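S.K.:
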Amino acid sequence: MHDEDEAGQAPSMARKHVETERKYEGTALPSSLDSVPGVATAQWVDQQDLDAVYYDSPDLRLLRRRITLRRRTGGDDAGWHLKLPLADDARAEIQLPLAAGSKRRVPAELTARVAAFTRDATLLPVAHLRTHRARRLLQDEEGATLAEVTEDRVAAQLLDPGQASSGTSTEISGWTEFEVELADGTPKLLDRIDTAFTEAGLARSAWPSKLARAVGTTAGPADGEQGPADRKLGPADGQLTAARAEQPGTAGAVVMTAYRALVGELLTLDAAVRRGEADSVHRMRVTARRLRSLLKAHHRLFDRRRSDPLAAELQWIGRVLGEARDQEVLGEHLVAGLDAVPAQVRRHALRGRITERYAHAYRRAWRQAVRELASPRYFTLLDRLDDFAARPPLRGRAGAAAVGYCADVLRQEQRRMLKRLDRALRTARGPQRDGALHRARKAAKRARYTAEAAGSGLPRHAAKRTAKYGARMKRLHKVLGVHQDSVVTRQALLTLDAGSTESTDRAKHDAFAYGVLHEGQRQAAERAVRRLPRLRRRSARRKLTSL
27 MHDEDEAGQA PSMARKHVET ERKYEGTALP SSLDSVPGVA TAQWVDQQDL
77 DAVYYDSPDL RLLRRRITLR RRTGGDDAGW HLKLPLADDA RAEIQLPLAA
127 GSKRRVPAEL TARVAAFTRD ATLLPVAHLR THRARRLLQD EEGATLAEVT
177 EDRVAAQLLD PGQASSGTST EISGWTEFEV ELADGTPKLL DRIDTAFTEA
227 GLARSAWPSK LARAVGTTAG PADGEQGPAD RKLGPADGQL TAARAEQPGT
277 AGAVVMTAYR ALVGELLTLD AAVRRGEADS VHRMRVTARR LRSLLKAHHR
327 LFDRRRSDPL AAELQWIGRV LGEARDQEVL GEHLVAGLDA VPAQVRRHAL
377 RGRITERYAH AYRRAWRQAV RELASPRYFT LLDRLDDFAA RPPLRGRAGA
427 AAVGYCADVL RQEQRRMLKR LDRALRTARG PQRDGALHRA RKAAKRARYT
477 AEAAGSGLPR HAAKRTAKYG ARMKRLHKVL GVHQDSVVTR QALLTLDAGS
527 TESTDRAKHD AFAYGVLHEG QRQAAERAVR RLPRLRRRSA RRKLTSL
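One rule links them: number in my numbering = place in the sequence shown (from 1) + 26.
#1: Using alpha carbons as the reference points, say which of E205, Q549, A226 lies closest to S61.
#2: Report the rounded CA-to-CA distance for R179 versus T202, giving the unit in angstroms.
#3: Give a yes or no on contact between the region 54 to 73 and the region 129 to 148, applying the rule of three or more CB pairs nearer than 8 Å.
#4: Which term fits R162, buried or exposed, when burial requires 16 or more other beta carbons within 10 angstroms of its beta carbon?
#5: Please give me, in chain order, every unbroken run of the alpha helix (DSSP H) with length at least 4 that falls completely inside the region 91 to 165.
#6: Between which two residues does the alpha helix (DSSP H) containing R286 stretch?
#7: Between which two residues does the beta strand (DSSP E) containing V180 stretch?
#8: Which residue from K49, T476, H464, R390 puts its Cα closest to that of D217?
#9: Just reading off the beta strand (DSSP E) that D77 is part of, what are its end residues?
#10: Assuming V281 contacts L320 under a Cβ cut-off of 8 Å, what Cβ separation, rounded to an integer in Å, is found between them?
#11: Nearest by alpha-carbon distance to R309: which of L340, R351, Q273, A337 is it?
#12: Figure out for me which residue from G507, T212, T476 has the closest Cα to the Cα of L288.
#13: Within this structure, are the beta carbons of G278 and L327 separated by less than 8 Å?
#14: Below 8 Å on the Cβ atoms is my contact criterion, and I expect Q165 with T171 to pass it. Report the Cβ-Cβ distance as a whole number of Å.
#15: Which runs of the beta strand (DSSP E) spanning at least 3 residues fall entirely within the region 443 to 470, listed in chain order?
#16: On the DSSP bridge list, what partners appear for R516?
#17: Does the contact criterion of 3 or more C-beta pairs under 8 Å hold for the region 481 to 496 versus the region 563 to 573?
#18: In or out: F538 buried (at least 16 other Cβ within 10 Å) or exposed?
#19: Applying the 10 Å Cβ sphere with the 16-neighbour rule, what's the burial state of M499?
#20: Taking the straight line between their C-alpha atoms, what separation do you get for Y285 and A338?
#21: If we ignore side chains and look at the alpha-carbon of each, how far apart do L228 and R421 end up?
#22: What residue from K109, R145, A395 has the CA that sits closest to L347's CA?
#23: Consult DSSP for A40 and reduce its assignment to one of helix, strand or coil.
#24: For S306, report the span of its alpha helix (DSSP H) as first-last.
#25: State the Cα-Cα distance for the pair R446 and A462, rounded to the nearest angstrom.
#26: For the 8 Å Cβ check, are there 3 or more pairs between the region 432 to 446 and the region 352 to 367?
#27: Would you call the CB atoms of R159 and Q74 closer than 8 Å?
#28: What distance in whole Å lies between the Cβ atoms of A551 and V514, which are believed to be in contact at a cut-off of 8 Å?
#29: Does DSSP classify G378 as helix, strand or coil?
#30: Over the uninterrupted alpha helix (DSSP H) stretch that includes K214, give me the two end residues.
#31: Given this structure, state the Cα-to-Cα distance separating K42 from A391, to the nearest angstrom.
#32: Using the Cα positions of V71 and G101, report the straight-line distance between them to the nearest angstrom.
#33: Provide the residue span of the alpha helix (DSSP H) that contains G348, from first to last.
#34: For the alpha helix (DSSP H) that contains L411, what are its first and last residues?
#35: Since H544 contacts R568 with CB under 8 Å, what's their CB separation in whole angstroms?
#36: To the nearest angstrom, how far is the alpha carbon of A497 from that of S333?
See the structure below:
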């Protein structure tokens with residue numbers, strides 16, 4: 027695997043942590059926070075003046091996803107802050123020093139981390155917030171800080187896109203809000219503080235962030251609307267329509283829930299690939315394959331005029347990522363194989379040459395993949411993935427009961443896999459059988475992905491059945507993967523030039539090592555094939571699909 031240096035990126039200066047906080051509205055904090063169970067003291071510690079400029083696309087693409095990016099001065103954590111939503115009250119925060127960028131230039135690392143959300147849009151200053159903060163620390167009897175409570179008096183200005191100076195905009199709002207952020211405390215403490223706040227007349231804020239409130243006040247929510255439900259701050263247009271079309275317990279609901287989760291995972295992994303983080307190419311490629319498998323396996327649910335072209339583009343991005351991943355796997359496989367041969371056969375220099383050759387090939391393929399991730403074609407794919415999630419082209423069968431429908435699909439995928447595997451096992455040894463086994467492997471993998479996608483949305487008993495089905499398919503495609511790795515490795519061994527930079531004797535020695543490796547790979551492939559009949563029987567059992 028490759029870390030950031032191996033992928034060609036400089037080590038990150040970023041500090042990362044998860045913050046857990048809640049926001050409140052009201053007139054004043056309760057005076058007796060030290061009476062909250064578990065809290066020994068509640069002391070005001072200091073006051074801070076914070077000055078923050080928020081960056082986003084002109085149409086607020088980050089804010090729509092509850093992501094905020096700011097440059098802040100003042101306080102004890104001045105710098106660049108990127109906040110990404112997690113579950114419930116938690117957000118991932120990534121911080122960089124002020125020197126990493128300028129008022130006009132967002133740090134490249136943060137730009138890369140949000141590129142999947144901003145796409146071809148430019149990040150510009152969109153709001154300027156000044157906050158006078160009073161801090162109060164809640165501590166236990168040993169002096170450990172359990173939580174920090176703040177009273178923030180905020181003055182907010184919106185900026186015309188690109189106008190970083192507050193002098194070019196109009197002050198539009200001011201408000202007071204209160205925050206509680208956990209330090210060493212537990213979520214139960216947060217709930218106890220919440221009770222104290224509620225009893226004192228404070229209410230949970232409807233706004234997920236200060237920026238959301240600043241932008242939302244310009245629109246002025248209509249009577250009856252709940253604050254940040256303003257269209258430009260909420261989920262992508264069309265999700266409410268989709269929700270009405272996906273009734274709980276239906277096939278459409280289960281499949282689209284899985285689809286949206288996979289799209290979210292793909293967008294998250296985009297930043298990891300751009301940063302060259304270890305295993306990110308593999309994980310993003312797998313996610314693209316899972317999405318494509320979902321669209322293909324459940325094609326009867328969708329208008330194929332939309333689902334088939336989307337599946338084709340997912341296949342394209344899988345190939346883009348596949349070149350880097352293939353080089354990575356091949357290098358690791360060759361080195362592992364070389365380490366397994368007798369010591370008198372292998373040489374350290376040969377191992378080093380193989381490692382460097384495939385590390386270089388990986389870096390080259392990774393750079394090409396990152397270029398494709400900045401292409402109009404890729405950004406169009408992301409737009410189409412979002413649109414499919416917001417306006418799913420569901421057909422009538424989407425209203426079928428999820429359990430019965432998923433059982434039918436799993437049987438269909440099982441039959442599809444068995445047909446390909448049986449054809450491969452009937453084929454004589456040679457390139458044709460190798461290709462047939464590879465196709466059977468892909469079918470088994472698709473069957474596994476289909477089961478895993480469905481399982482999370484089914485009742486417990488059905489989810490257990492799909493998990494068993496997925497496990498059987500996984501074992502099968504892993505063994506088929508050993509065979510395919512052997513085929514690819516043997517092909518690579520035939521192309522390696524053992525003597526290009528070595529003496530004749532060294533070249534002969536290396537060629538012999540390649541021969542030993544080749545034979546070892548051939549034997550590994552035959553062992554894998556011998557395991558297939560038993561695995562086939564276990565994967566063919568009809569009760570696997572009885573949900």
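Yeah, the Cβ is synthetic: ideal placement off N, Cα and C, and Gly gets one too. In this text, all values refer to a predicted model and were calculated from it rather than measured experimentally.
M.R.: Taking the geometry as given:
#1: Here residue 61 refers to the residue found at position 35 of the sequence shown. Of E205, Q549, A226, the residue nearest in Cα terms is A226.
#2: Start at 1 with the first residue of the sequence shown, and residue 179 comes out as number 153. Start at 1 with the first residue of the sequence shown, and residue 202 comes out as number 176. When rounded, the distance between both Cα atoms is 4 Å.
#3: no
#4: Within the sequence shown, residue 162 is the residue found at index 136, counting from 1. By the neighbour-count rule (16 or more Cβ atoms within 10 Å), R162 is buried.
#5: Listed in chain order, they are 134 to 144.
#6: Here residue 286 refers to the residue found at position 260 of the sequence shown. Per DSSP, R286 belongs to the alpha helix (DSSP H) from 277 to 301.
#7: As a first step, residue 180 must be located in the sequence shown, where it is residue number 154. Per DSSP, V180 belongs to the beta strand (DSSP E) from 171 to 184.
#8: Against the sequence shown, residue 217 aligns to sequence position 191. With distances taken between Cα atoms, D217 lies closest to K49.
#9: Mapped onto the sequence shown, residue 77 falls at position 51. From DSSP, the beta strand (DSSP E) with D77 extends over 67 to 82.
#10: Mapped onto the sequence shown, residue 281 falls at position 255. Mapped onto the sequence shown, residue 320 falls at position 294. Yes, they are in contact, since the Cβ atoms of V281 and L320 sit about 7 Å apart, within 8 Å.
#11: Looking up residue 309 in the sequence shown gives position 283. Taking the Cα of R309 as reference, the smallest distance to any Cα among L340, R351, Q273, A337 is reached at R351.
#12: Working through the sequence shown from its first residue, we reach residue 288 at position 262. L288 has its Cα closest to that of T476, out of G507, T212, T476.
#13: By 1-based counting over the sequence shown, the position of residue 278 is 252. By 1-based counting over the sequence shown, the position of residue 327 is 301. For G278 and L327, yes; Cβs fall inside 8 Å.
#14: The residue given as residue 165 occupies position 139 in the sequence shown. The residue given as residue 171 occupies position 145 in the sequence shown. About 5 Å; that satisfies the 8 Å criterion.
#15: none
#16: Within the sequence shown, numbered from 1, the residue matching residue 516 stands at position 490. Listed as beta-bridge partners of R516 by DSSP are no residues whatsoever.
#17: yes
#18: The residue you call residue 538 lines up with position 512 of the sequence shown. The residue is exposed, with fewer than 16 neighbouring Cβ atoms inside 10 Å.
#19: In the sequence shown, residue 499 corresponds to position 473, counting from 1. Result: buried.
#20: Residue 285 sits at position 259 when you count from the first residue of the sequence shown. Residue 338 sits at position 312 when you count from the first residue of the sequence shown. Each residue's Cα considered, the two are about 16 Å apart.
#21: Walking along the sequence shown from the start, residue 228 turns up at place 202. Walking along the sequence shown from the start, residue 421 turns up at place 395. The alpha-carbon atoms of L228 and R421 are separated by roughly 46 Å.
#22: Here residue 347 is taken as the residue at index 321 of the sequence shown, counted from 1. If we check each option's Cα against that of L347, A395 comes out closest.
#23: What you label residue 40 is simply residue 14 of the sequence shown in a count that begins at 1. In this structure, A40 counts as coil in the three-state DSSP scheme.
#24: For this step, residue 306 is matched to residue 280 along the sequence shown. Element bounds for S306: 306 to 323.
#25: Translated into positions along the sequence shown, residue 446 becomes position 420. Translated into positions along the sequence shown, residue 462 becomes position 436. Using only the alpha carbons, I get a separation of about 7 Å.
#26: no
#27: Walking along the sequence shown from the start, residue 159 turns up at place 133. Walking along the sequence shown from the start, residue 74 turns up at place 48. Contact flag set, yes.
#28: For this step, residue 514 is matched to residue 488 along the sequence shown. For this step, residue 551 is matched to residue 525 along the sequence shown. Actually they are not in contact, since the Cβ atoms of V514 and A551 sit about 11 Å apart, beyond 8 Å.
#29: Translated into the one-based positions of the sequence shown, residue 378 becomes position 352. Helix at G378.
#30: As a working note, residue 214 is residue 188 in the sequence shown. Unbroken alpha helix (DSSP H) run through K214: 213 to 225.
#31: Here residue 42 refers to the residue found at position 16 of the sequence shown. Here residue 391 refers to the residue found at position 365 of the sequence shown. In a straight line, the C-alpha of K42 is about 28 Å away from that of A391.
#32: Translated into the one-based positions of the sequence shown, residue 71 becomes position 45. Translated into the one-based positions of the sequence shown, residue 101 becomes position 75. Cα to Cα, the separation comes out at about 13 Å.
#33: Here the question's residue 348 lines up with position 322 in the sequence shown. 330 to 366 is the extent of the alpha helix (DSSP H) around G348.
#34: Taking the first residue of the sequence shown as position 1, residue 411 is located at position 385. Segment 402 to 416, the alpha helix (DSSP H) holding L411.
#35: Counted from its first residue, the sequence shown places residue 544 at position 518. Counted from its first residue, the sequence shown places residue 568 at position 542. About 41 Å separates the two Cβ atoms, so there is no contact after all.
#36: By one-based count along the sequence shown, residue 497 stands at place 471. By one-based count along the sequence shown, residue 333 stands at place 307. Their Cα atoms are separated by approximately 27 Å.
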